[in-house]
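Residue numbers (our numbering): 2 to 407.
Idealized CB from N, CA, C, for every residue including glycine.
Following: one structure in structure tokens, then a few remarks.
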Ligand SMILES: Cc1ncc(COP(=O)(O)O)c(C=O)c1O
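Written as structure tokens, this is what we have:
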């Protein structure tokens, strides 16, 4: 008998799977360039006012449990942000504070998914979406972000595909979007989003929109939040401290359910139950996040600076990759990832897994395999490091491809 449950196999994360091998190499004296984790504060210090607010909360002894659903101050600050940025009416009561979006995803699946229930996930997807769904017995319907359309969605194809599933009696419960996208960097146009909202509405699917990179857009992108488009369609917006607020280690996220229809009310209430079950998110971090959200002017300055720097690094890396003989990349408009494709026929490597494993061993560069995002023959590079590190890494990747070319 195996002591572990069958479902324990869903505890997987491709982004960190080479960490142990990288640590061994590093201990043996090899210099490793780590471009696998999308961790802004590792490169851009969290703003001083946010850090001070965290320290203040601790020194004032605010180290107790907060309310399970989150501090009132923080939920008010989140509601104000959505009014300010997207002109949408969100009540603090619509906000559930979680330990990162990572926890919100678990709560959503735990709340909605019965054995065999389906959800529409576009690939390449953020690594956690599929295993989290499967952990709760769900089955993904894998639709596509289309590479030849700059990784956008083809709404007609989506509609046809869902209709086909419906004719087989498969009714998806929710559809999840990542916008701006990890790993492709796509920012979906409002036209495409409107069509997706319509499709969700037509088929009675709940829309989940992961907008953690909503303030990290550039190269002419025009981001639109689903919160300002999905009026009347039950939807859940996911966001948090990790990226734009530059505080991944706070582990603070929020699920926002703005609708007041019966479906939205039921979801909201159940997400709150799950939040109560695990007692509380990190209390000092919630105080700090409330402060970060309320410091509108200072945040504006910090995010503009970070966005500009990220855009420069991403574009610098894309320009270098565009000179590659082996890698082909779509220029991102948001987030800070590059997702190049390689032609399997051109390289003597079994697959993307072999690519990243060998690259780490031979060149000391740690990246993530595309299949971890549901897309083989691709690799993901985090472009947050300064240009000289990105340059060194990309030169090593090119050298590696040349050595393994057919
Ligand atoms: C699209 C997306 N969603 C969610 C997360 C996880 O966010 P959190 O740190 O809030 O758990 C990430 C982290 O990289 C992400 O890229």
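Mind listing, in chain order, the continuous beta strand (DSSP E) runs of no fewer than 3 residues lying wholly within the segment 267 to 303? none
Measure the alpha-carbon distance for residue 174 versus residue 403 and round it to whole angstroms. For this step, residue 174 is matched to residue 173 along the chain shown. For this step, residue 403 is matched to residue 402 along the chain shown. For residue 174 and residue 403, the distance between alpha carbons rounds to 46 Å.
Does the beta-carbon distance from residue 213 to residue 233 come in below 8 Å? As a working mapping, residue 213 is identified with position 212 in the chain shown. As a working mapping, residue 233 is identified with position 232 in the chain shown. No. Outside cutoff.
Could you compute how far the alpha carbon of residue 135 sits from the alpha carbon of residue 61? For the purposes of this step, residue 135 is taken as residue 134 along the chain shown, with counting starting at 1. For the purposes of this step, residue 61 is taken as residue 60 along the chain shown, with counting starting at 1. Rounded to the nearest whole angstrom, the C-alpha separation of residue 135 and residue 61 is 42 Å.
Against chain D, with Cβ distances strictly below 8 Å, would residue 281 count as a contact? You won't find chain D in this structure, because it holds only one protein chain.
By C-beta, the residues closer than 5 Å to any heavy atom of ligand 1, given in chain order: 39, 101, 102, 103, 127, 179, 183, 211, 213, 241, 243, 254
CA-CA distance, residue 139 and residue 107? Here residue 139 refers to the residue found at position 138 of the chain shown. Here residue 107 refers to the residue found at position 106 of the chain shown. C-alpha separation (whole angstroms): 12 Å.
Residue 343, DSSP secondary structure in three states: Position 342 of the chain shown, counted from the first residue, corresponds to residue 343. If DSSP states are grouped into helix, strand and coil, residue 343 belongs with the strands.
Helix, strand or coil at residue 178 according to DSSP, with G and I counted as helix: On the chain shown, position 177 is the one that residue 178 refers to. Three-state result, residue 178: strand.
The beta strand (DSSP E) with residue 210 in it runs from where to where? Locating residue 210 in the chain shown gives position 209, counting from the first residue. Its beta strand (DSSP E) spans residues 207 to 211.
Going by Cα to Cα distance, which pick from 407, 307, 294, 359 is closest to residue 86? Locating residue 86 in the chain shown gives position 85, where the first residue counts as 1. Looking at the Cα atoms, 294 is the closest of the given residues.
Inter-stretch contact (C-beta, 8 Å, three-pair minimum) for the segment 253 to 271 and the segment 38 to 58: no
Let me check understanding here. Comparing Cα to Cα, which of 364, 145, 352 lies closest to residue 372? By one-based count along the chain shown, residue 372 stands at place 371. For the residues 364, 145, 352, the minimum Cα distance to residue 372 belongs to 352.
If you follow the alpha helix (DSSP H) that residue 248 is part of, which residue opens it and which one closes it? In the chain shown, residue 248 corresponds to position 247, counting from 1. Counting along the chain, residue 248 falls outside any alpha helix (DSSP H), and DSSP gives it neither H nor E.
Between the segment 189 to 196 and the segment 246 to 259, do three or more beta carbon pairs fall short of 8 Å? Contact fails: fewer than three Cβ-Cβ distances are below 8 Å.
I'd like to check one pair, residue 348 with residue 281: are the Cβ atoms closer than 8 Å? Mapped onto the chain shown, residue 281 falls at position 280. Mapped onto the chain shown, residue 348 falls at position 347. No, these two residues do not count as a Cβ contact at 8 Å.
When we look at the beta-carbon of residue 329 and count the other beta-carbons within 10 Å, is it buried (16 or more) or exposed? Numbered from its first residue, the chain shown carries residue 329 at position 328. By the 10 Å Cβ count, residue 329 comes out exposed.
Going by other Cβ atoms of all chains shown within 10 Å of its Cβ, with 16 needed for buried, is residue 101 buried or exposed? Indexing the chain shown from 1 puts residue 101 at position 100. Residue 101 should be labelled buried.
Is the beta carbon of residue 167 closer than 8 Å to that of residue 204? Numbered from 1 along the chain shown, position 203 holds the residue referred to as residue 204. Numbered from 1 along the chain shown, position 166 holds the residue referred to as residue 167. Closer than 8 Å, so yes.
Which same chain residues, not among the five before or five after residue 378, have their C-beta less than 7 Å away from its C-beta? Position 377 of the chain shown, counting from 1, holds the residue named residue 378. Same-chain partners within the cutoff: 342, 343, 345, 353, 371.
Starting from the C-beta of residue 59, find all residues in its chain whose C-beta is less than 8 Å away, skip the five residues before and the five after it, and write them out in chain order. Within the chain shown, numbered from 1, the residue matching residue 59 stands at position 58. Here the set comprises 285.
With 16 as the cutoff for other CB atoms within 10 Å, does residue 297 come out buried or exposed? For the purposes of this step, residue 297 is taken as the residue at position 296 of the chain shown. Exposed is the call here.
Please list the terminal residues of the continuous beta strand (DSSP E) segment that includes residue 124. To locate residue 124, count along the chain shown from 1; it is residue 123. From DSSP, the beta strand (DSSP E) with residue 124 extends over 119 to 124.
Do you know how far the Cα of residue 361 is from the Cα of residue 36? Here residue 36 refers to the residue found at position 35 of the chain shown. Here residue 361 refers to the residue found at position 360 of the chain shown. Taking the straight line joining both Cα atoms gives about 11 Å.
So, at 8 Å on beta carbons, what are the nonlocal neighbours of residue 308 in its own chain, with the 5 sequence-adjacent residues on each side left out? Your numbering for residue 308 matches position 307 in the chain shown. Hits under 8 Å: 216, 217, 218, 219.
Contact between the segment 312 to 321 and the segment 119 to 137 is defined here as three or more beta-carbon pairs at a separation below 8 Å; is this criterion met? Contact between the segment 312 to 321 and the segment 119 to 137 is absent, because fewer than three Cβ pairs lie under 8 Å.
Alpha-carbon to alpha-carbon, residue 2 and residue 227: Here residue 227 is taken as the residue at index 226 of the chain shown, counted from 1. Here residue 2 is taken as the residue at index 1 of the chain shown, counted from 1. Each residue's alpha carbon lies about 47 Å from the other.
Figure out for me which residue from 25, 91, 207 has the closest Cα to the Cα of residue 263. Position 262 of the chain shown, counting from 1, holds the residue named residue 263. The option with the nearest alpha carbon to residue 263 is 207.
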